[in-house]
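Input: a single structure, listed below in structure tokens.
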Amino acid sequence: MSDAALDVVEFLLTTSVYSDDRTLDENDLPPSFRRVYWTGGVDDEDGSGDGDGGGSGRKPAGISRPLSVTTTTAREATGVDRPWEAVSELMFTERDEFSGTITLAQQGMAEEWFAERVDDDRLLENPTLAKHFENHDDYDFAVTHEEARERNRPIQADRVWIDGLLNEYFDEEDDEEMLDLVEVRAPEEVDMSLDDLVLTEDQQNELNKISKAIEHRDYLANIGLREIGKLLFVGPPGTGKTSTAQALAQDMDLPFVEVKLSMITSQYLGETAKNVDKTFEVAKRLSPCILFIDEFDFVAKTRRSDEHAALKRAVNTLLKSIDNISLIEDDVLLIGATNHPDQLDDAAWRRFDEIINFPKPDRGMRADILGLITRTMDIDEFDPQLIAEVTEGLTGSDLRMVLREAVLEALTEDRTTLTQEDLMNAVEEFEERDTLKNMDMMGGDHDALVAGGDLGDAASDGGEPSDHSHDHDHDHDH
Ligand SMILES: Nc1ncnc2c1ncn2[C@@H]1O[C@H](COP(=O)(O)OP(=O)(O)OP(=O)(O)O)[C@@H](O)[C@H]1O
Ligand SMILES: [Mg+2]
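What follows is the structure, encoded as structure tokens:
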């Protein structure tokens, strides 16, 4: 019997048990199942359900019983293309030709059939069935309802739930500005994991510390240690600050709420303070979650200068909101990030209990990063150590760019196998690019501004100061 049949039978059993047992709630359903039935207090607009009375405004949030199974819901929940065909030969299934609903004619037989084909691990992924089989005299699975609940991702981490919540907090007119200011990603939508990152020992220790703190929140609350769980990531661009925050979200299965501080200055300034407030409210409602505030130095800048009053108000609201949110009480882990720690004043520093440094990678780390980002590739004579030696000063992000360049170059020769030489060339290419970036295009004395000039010299102080480039002897292009 195929896996498809097993998946569909599991779905049928689950919906049936769930419909009967009113002590079960949405967190007893595996995410892919509850997604099908969840109405998030939102206008029913995507037409995925059976759309009763569209346009009738908001439905209450939740899952209403009984859960009925149609070909469509079964397909959505299990990913099985033709769900009825998958189970139609089983004795205990039934389909109503008229309504298209699929049911279990004989639940007992279905249970027996299912129990013969699954192990404890599989059952633990489904709290509804774990509970059903836990105390069942006829079966002896070594599972508990509690353990299955703990393993199951909570509804708060599901996209449908997040959308419902955002809809509740931000009505349509607010939508645009809110979307500029904050972005919420479900853990399933974050495609960055800790395995994709090379971290310093220091970073690793700090991250361990924080996940321990999260694990023992109750203990910390009991002993009155509340000032914990606000991290500041400090380091130059491209050193992995955003990636690490995202990877943490994925690792701990938490929603990722990102506030883009630069958007505070957007055209909707008047409403911003209110929206900052709401963003923190949303984070609290989404909790446990990670609240990531990028470009934190922005706060300092606006506090110092005599900016627009509305902007000041927004920033003050932000600071106050940060004070009022806590990992221990609200289950929100706050992570700030900045490229310019020097610009932060004491008031800003004081708000973070751990500062985590994101330096540019040293040689060993560069080699590790190279190994990591090329792990799925074929590279002839690959020697990451050698490349690490000639890439002093490059960040993880730069190394990715080098690799991309090498891949694209090779493709122009229709090659999908790279060589060490491709990479070395790409490093050189990257350095030229970097030189261009750092050049003052209006300034006079740059060979690089003249076609055919040697880029390699442009950054050095070799040339005669303040002379115009056409005085140089390799000015052969004029
Ligand atoms: N230590 C690292 N290990 C692996 N990949 C890295 C590392 N550092 C950076 N990268 C890669 O570089 C890219 C950019 O990193 P990221 O956006 O996290 O940097 P950032 O520190 O947030 O930069 P910015 O300050 O500009 O926001 C990502 O694709 C990331 O995977
Ligand atoms: Mg970043």
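Take any residue in the sequence shown, note its place counting from 1, add 656, and you have its number in the numbering used here. Glycine included, every Cβ here is placed at the ideal spot set by N, Cα and C.
When 690, 736, 745, 744 are compared, the shortest CA-CA separation from residue 724 is found for 690. For residue 826, the secondary structure class from DSSP, reduced to helix, strand or coil, is coil. Distance between residue 1040 and residue 1050, taken at the CA atoms: about 14 Å. For residue 1008, the CB contacts under 7 Å within the same chain, skipping 5 residues up- and downstream, are 886, 887, 888, 992 in chain order. At least one heavy atom of ligand 2 sits closer than 7 Å to the Cβ of residue 950.
Under the three-state reduction of DSSP, residue 912 is assigned to strand. Look at residue 1052 here: in three-state DSSP terms it is helix.
Counted as a single uninterrupted DSSP element, the stretch harbouring residue 761 is not any alpha helix (DSSP H), since DSSP gives it neither H nor E. Taking a C-beta distance under 8 Å as the contact criterion, residue 675 and residue 733 do not qualify as a contact pair. Rounded to whole angstroms, the separation of the alpha carbons of residue 776 and residue 870 is 28 Å. It is roughly 41 Å from the alpha-carbon of residue 1071 to the alpha-carbon of residue 731. A straight line joining the alpha-carbon of residue 772 with that of residue 882 spans about 49 Å.
Inclusion of residue 909 and residue 841 in the CB contact set at 8 Å is not warranted, their separation being larger than that value. Residue 1024 sits away from residue 1074, with the two beta carbons spaced by 8 Å or more. If you look at residue 782, you'll find it isn't in any beta strand (DSSP E); DSSP assigns it neither H nor E.
Fewer than three Cβ pairs drawn from the stretch 941 to 948 and the stretch 857 to 868 lie within less than 8 Å of each other, which leaves the two stretches out of contact. Contact annotation: residue 890 and residue 1013 have beta-carbon atoms nearer than 8 Å. Shown here for residue 804: same chain residues with a beta carbon closer than 6 Å to its own, the five before and five after excluded, namely 780, 783, 786 in chain order.
Taking C-beta separations shorter than 7 Å and ignoring five residues to either side along the sequence, the partners of residue 898 in its chain run 950, 993, following chain order.
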